[in-house]
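To start, the structure under review is shown below, and the notes come after it.
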Amino acid sequence: MADPKAGLKKLHIKTYGCQMNVYDSERMAEAMGAEGYVLTDDPAAADMVLLNTCHIREKAAEKLYSDLGRLKPFKTAKPDLTVAVAGCVAQAEGAEILRRMPLVDLVVGSQNYHRLPAMVKAAEGGARPVDTEFPVEDKFDLLPDRPAASARPTAFLTVQEGCDKFCAFCVVPYTRGAEISRPVDRILTEAGKLVARGVREITLLGQNVNGYHGQGPDGAWGLGRLTRDLARIEGLERIRYTTSHPNDMADDLIAAHAEEPKLMPYLHLPVQSGSDRILKAMNRKHTAEDYLRLVERIRAARPDILLTSDFIVGFPGETEADFQATLDLIGAVTYGAAYSFKYSARPGTPAASREAVAAEVADDRLHRLQALITRQQRAAQAAMVGRVVTVLFEKPGRMPGQWVGKSEYLHAVHVAAPDLRPGVLARVRITASDPNSLAGELMGDYGPRRPVLAAV
Ligand code: SAH
Ligand code: SF4
Ligand code: F3S
Numbered sequence: 001m002a003d004p005k006a007g008l009k010k011l012h013i014k015t016y017g018c019q020m021n022v023y024d025s026e027r028m029a030e031a032m033g034a035e036g037y038v039l040t041d042d043p044a045a046a047d048m049v050l051l052n053t054c055h056i057r058e059k060a061a062e063k064l065y066s067d068l069g070r071l072k073p074f075k076t077a078k079p080d081l082t083v084a085v086a087g088c089v090a091q092a093e094g095a096e097i098l099r100r101m102p103l104v105d106l107v108v109g110s111q112n113y114h115r116l117p118a119m120v121k122a123a124e125g126g127a128r129p130v131d132t133e134f135p136v137e138d139k140f141d142l143l144p145d146r147p148a149a150s151a152r153p154t155a156f157l158t159v160q161e162g163c164d165k166f167c168a169f170c171v172v173p174y175t176r177g178a179e180i181s182r183p184v185d186r187i188l189t190e191a192g193k194l195v196a197r198g199v200r201e202i203t204l205l206g207q208n209v210n211g212y213h214g215q216g217p218d219g220a221w222g223l224g225r226l227t228r229d230l231a232r233i234e235g236l237e238r239i240r241y242t243t244s245h246p247n248d249m250a251d252d253l254i255a256a257h258a259e260e261p262k263l264m265p266y267l268h269l270p271v272q273s274g275s276d277r278i279l280k281a282m283n284r285k286h287t288a289e290d291y292l293r294l295v296e297r298i299r300a301a302r303p304d305i306l307l308t309s310d311f312i313v314g315f316p317g318e319t320e321a322d323f324q325a326t327l328d329l330i331g332a333v334t335y336g337a338a339y340s341f342k343y344s345a346r347p348g349t350p351a352a353s354r355e356a357v358a359a360e361v362a363d364d365r366l367h368r369l370q371a372l373i374t375r376q377q378r379a380a381q382a383a384m385v386g387r388v389v390t391v392l393f394e395k396p397g398r399m400p401g402q403w404v405g406k407s408e409y410l411h412a413v414h415v416a417a418p419d420l421r422p423g424v425l426a427r428v429r430i431t432a433s434d435p436n437s438l439a440g441e442l443m444g445d446y447g448p449r450r451p452v453l454a455a456v
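Be aware that the sequence shown starts at 1, since it is given in the UniProt record's numbering, and climbs by one per residue.
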């Protein structure tokens, strides 16, 4: 029998950066799928390599150039290999990438992915197209429909994109453009299709996702209302959203955490610093006290919510006292986990021209902050031992006969159970806490002979 994939071209995608890039890579893979491309993990086997890049810190952006260097032998061996650069470095640097790297065939900015198939055709014809315009049309309307089947029970769904906040350190307002919210009906339709193909958990994405204000049937809807409507989709069991800004945490969204069981008790709420002086210099437009009061209100609505944050250490002008205020805030909040970064000056941002904190001082602060966060993370995990959680199973674990999934709190949980399958939702008693995951045992019946525990 003829191989149905024979004659199809192979596409290798490497994704850097945030979840929105993961989502975008999926949509681009689907767009190229409609052109006869299938995905491959092996760049050596590929007819096209797509690098979906991140510009957030210098190191992230530089990865593009080292990876392009590594692709050179592949291009020499196969001169008609198409090398495409997408994402936030593409948006920020555009044609400069073509000048610096002759092996690159096309550069597609973050808002132009619907044009990728046409750009690939132009590149095959010998052109080196660059498109970093912010178009008037909506790329999501013009990208092909989501495919019918997926092996994964979780999915991302972009509902809001871009940022108007202009934090002094951040490139996102320049790489993703002005804030836009997708209309409610498109989101409900896309979510319905994801659920029909087996997805049981959707994470709504946006750079300021809680600032969502999309057009609904009766005016603009906030994220709380959108969440409540999504929760009515039968078969969708869990809703998450990320990333939120403290100033956009509306009362209705906080109330949804108390009232909507499908909304998971987990919230990534970056604060960046605990020093009012630094928060002001960062243009965050709130104080440490505002943030602590907000955390209180959120915890009053949903006492078990697990909070996470991002922190930047060594922001220009940060003194030891400022840094201590950040440690104090972390002590006051108690996080389940957090990401922390050494400040990286980014071209074109207001903070880039300010005097940097010495590298060794920033390194030392990063280590101290991470040590505190690690202690809090371990304590949060240890506190789960003995508790019963609900786990959405995703895949077999590293050990034979093991399955792993995520609890409501986004903890990775593994159990001994050889015959689970992706998408099973089951109650698990947590028995032990490892550094990066929890171990547990399934409670009651589950699995193929019994109906899957959908409602627990
Ligand atoms: N929209 C989100 C996060 C965007 S970027 C928010 O408002 O919080 C993700 C994280 O990268 C940020 O929260 C910040 O902690 C970090 N980050 C952004 N720019 C940075 C820079 N120039 N140097 C170091 N870290 C940075
Ligand atoms: Fe960047 Fe600030 Fe916008 Fe977040 S809110 S994307 S940190 S400018
Ligand atoms: Fe990076 Fe762009 Fe996301 S800069 S963090 S990929 S929005």
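Every residue gets a Cβ at the ideal spot worked out from N, C-alpha and C, and that includes glycine.
Q.
At a cut-off of 8 Å, would you count Asn21 as near the ligand F3S, judging by its Cβ distance to the nearest heavy atom?
A. yes
Q. Just how far apart, CA to CA, sit Gly219 and Arg225?
A. 12 Å
Q: Please state whether DSSP places Leu212 in a helix, a strand or coil.
A: A small fix is needed here, since residue 212 is Tyr in this sequence, not Leu. DSSP places Tyr212 in coil when its eight states are reduced to three.
Q) Does any heavy atom of the ligand SAH sit closer than 8 Å to the C-beta of Ala345? A) yes
Q) Mind checking whether the beta-carbon of Thr243 lies closer than 8 Å to any heavy atom of the ligand SAH? A) yes
Q) Quick one, which of Thr390, Ile312 and Gly36 has its alpha-carbon nearest His367's? A) Ile312
Q) For Val83, which residues from the same chain have a beta carbon less than 7 Å from its beta carbon, with the 5 sequence-adjacent residues on both sides left out? A) Val49, Leu71, Lys75, Leu103, Val104 and Asp105
Q: Return helix, strand or coil for Ile233, following the three-state DSSP convention.
A: In the three-state DSSP reduction, Ile233 falls in the coil class, being neither helix nor strand.
Q.
Using C-beta distances below 6 Å, list every residue in its chain close to His286, excluding the 5 sequence neighbours before and after it, in chain order.
A. Pro246 and Asn247
Q | Val184 - partner residues in DSSP beta bridges | A | DSSP lists no partner for Val184.
Q: Over the uninterrupted beta strand (DSSP E) stretch that includes Arg284, give me the two end residues.
A: Judged by DSSP secondary structure, Arg284 falls outside any beta strand (DSSP E); it is assigned neither H nor E.
**Q.** Pocket of the ligand SF4 defined by Cβ to heavy atom distance under 6 Å
**A.** Cys163, Lys165, Phe166, Cys167, Cys170, Val172, Pro173, Gln207, Asn208 and His245
Q.
For a minimum of 3 consecutive residues, which ranges assigned as the beta strand (DSSP E) are wholly contained in the region 270-348?
A. You should have 306-313 and 337-342.
Q: Just list the alpha helix (DSSP H) runs in the region 30-92, keeping only unbroken ones of 4 residues or longer that don't cross its boundaries, in chain order.
A: Here the runs fully enclosed are 58-77.
Q) Under the DSSP definition of a beta bridge, which residues are partnered with Asp131? A) Val108
Q.
In whole angstroms, give me the CA-to-CA distance for Phe315 and Asp419.
A. 50 Å
Q. By DSSP, does Glu360 sit in helix, in strand, or in coil?
A. DSSP, reduced to helix, strand and coil, places Glu360 within a helical segment of the structure shown.
Q) Quick one: what's got a C-beta closer than 8 Å to Leu8's C-beta in the same chain, skipping five residues either side? A) Gly36, Tyr37 and Val38
**Q.** For Ser273, the nearest candidate out of Arg346, Ala123, Phe341 and Asn208 (CA to CA)
**A.** Phe341
**Q.** Residues that DSSP places opposite Phe169 in a beta bridge
**A.** Paired residue(s): none; Phe169 is not in a bridge.
(Q) For Leu198 and Pro153, which I take to be in contact (beta-carbon distance under 8 Å), what is that distance rounded to the nearest angstrom? (A) Before going further, note that residue 198 is Gly rather than Leu in the sequence given. Gly198 to Pro153, Cβ: 6 Å. Contact.
Q. Do His12 and Ala46 have their C-beta atoms within less than 9 Å of each other?
A. yes
Q. Is Gly94 near Ser110, with beta carbons less than 9 Å apart?
A. no
Q: Could you give the DSSP three-state label for Pro265: helix, strand or coil?
A: coil
Q.
Relative to the C-alpha of Glu408, which candidate in Phe140, Lys262 and Val136 has its C-alpha closest?
A. Lys262
Q: Examine the ligand SAH and report whether any of its heavy atoms sits within less than 8 Å of the Cβ of Arg365.
A: no
Q) What separation, rounded to the nearest whole angstrom, lies between the Cα atoms of Leu116 and Ala123? A) 10 Å
Q) Looking at Met399 and His414, is the spacing between their C-beta atoms short of 9 Å? A) yes
Q. How many angstroms separate the CA atom of residue 461 from the CA atom of Leu267?
A. The structure shown does not extend to residue 461, since the chain is modelled only from 1 to 456, so the question has no answer here.
Q. Is Thr227 near the ligand F3S, in the sense that its beta carbon is under 8 Å from a heavy atom of that ligand?
A. no
Q: Return the CA-CA distance between Gln91 and Ser437, expressed in angstroms with no decimal places.
A: 37 Å
Q | Between the CA atoms of Asp41 and Gln160 - distance to the nearest angstrom | A | Going by the C-alpha atoms only, they are around 29 Å apart.
Q.
Shorter than 8 Å, the distance from the beta carbon of His414 to the closest heavy atom of the ligand F3S, or not?
A. No.
Q: Thinking Ala231 and Leu194 are a contact (beta carbons under 8 Å), I'd like their distance in whole angstroms, please.
A: Contact doesn't hold; Cβ gap of about 14 Å is too wide.
Q: Could you check what DSSP says for Glu137 in three-state terms: helix, strand or coil?
A: coil
Q. Around the Cβ of Pro270, are there at least 16 other Cβ atoms within 10 angstroms (buried) or fewer (exposed)?
A. buried
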